[in-house]
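What follows is a set of notes on a single structure, which appears directly below.
Okay, structure coming up:
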């Protein structure tokens with residue numbers, strides 16, 4: 421296989437021709453608990469002033485996460501587009517790789533000569549993920565960008581978490597000073 425390991429990184433370069441290309445499908449990327457729990461706690465802390473203000477005014481307040489999604493929906497993570505493709509190198513070895521994120525259909529075609537930077541995925545059963553694809557046939561550089569966890573959480577939830585972090589910092593400073 422015509423691959424070489426990049427110096428001091430976990431990326432590998434694969435060079436060859438695209439032998440097969442499948443249609444894109446969607447896959448959910450799970451949100452890790454180490455990110456979700458602190459965001460939810462800070463979000464709840466950021467919602468306290470709103471809940472207190474509504475309680476004083478006699479209104480009921482919503483205690484949902486952002487836009488009313490459940491914990492299960494938040495844990496499921498963002499949905500990304502996955503394009504499986506197979507690259508045949510000069511030795512004739514076929515390697516399956518995945519492209520995560522939206523890529524126009526005319527950017528990668530069967531038979532194109534490509535050079536890809538690959539990175540192993542956390543799930544060892546999945547093929548490596550192409551981070552950068554140099555299409556040497558067309559001279560295009562393709563950098564797919566999958567949806568991020570921040571967009572999955574949503575702007576309101578992140579703003580409430582930032583407010584919660586500021587309130588927490590304010591409480592800690594007040595406790596240390598006074």
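Residue numbers (the numbering used here): 421 to 598. The beta-carbon is built from N, C-alpha and C at its ideal position, and this holds for glycine as well. None of these values were measured; they are calculated from a predicted model.
For residue 580, count the other beta carbons within 10 Å of its own beta carbon; 16 or more makes it buried, fewer makes it exposed. Which is it?
buried
In three-state terms, what does DSSP make of residue 541?
coil
Assuming residue 530 contacts residue 434 (C-beta within less than 8 Å), just tell me the rounded distance between them.
About 16 Å separates the two Cβ atoms, so there is no contact after all.
Range covered by the alpha helix (DSSP H) that runs through residue 588
575-597
What residue from 476, 517, 598 has the CA that sits closest to residue 547's CA?
517
Contacting residues, own chain, Cβ-Cβ under 6 Å from residue 448 (five flanking each side not counted):
496, 497, 499
Keeping to the same chain, check which residues put their C-beta closer than 8 Å to that of residue 459; ignore five residues upstream and five downstream.
573, 577, 578, 581
Restricting to Cα atoms, I'd like to know which of 504, 559, 431 is closest to residue 522.
504
With burial defined as no fewer than 16 other Cβ atoms inside 10 Å of the residue's Cβ, what is the status of residue 469: buried or exposed?
exposed
At 3 residues or longer, and completely inside the region 471-519: list those beta strand (DSSP E) runs for me, N to C.
499-508
Pull up the distance between the alpha-carbon of residue 425 and that of residue 467, whole angstroms please.
Note on residue 425: pLDDT 49, under 50, position unreliable in the model; the coordinate value appears next. For residue 425 and residue 467, the distance between alpha carbons rounds to 48 Å.
Buried or exposed: which applies to residue 511, given that a residue is buried once 16 or more other Cβ atoms fall within 10 Å of its Cβ?
exposed
Once DSSP output is grouped into helix, strand and coil, what is the label at residue 559?
coil
DSSP bridge partner residues for residue 436 (one or two, in chain order):
534
Using a Cβ distance threshold of 8 Å, determine whether the region 554-572 contacts the region 581-592, with at least three qualifying pairs required.
no
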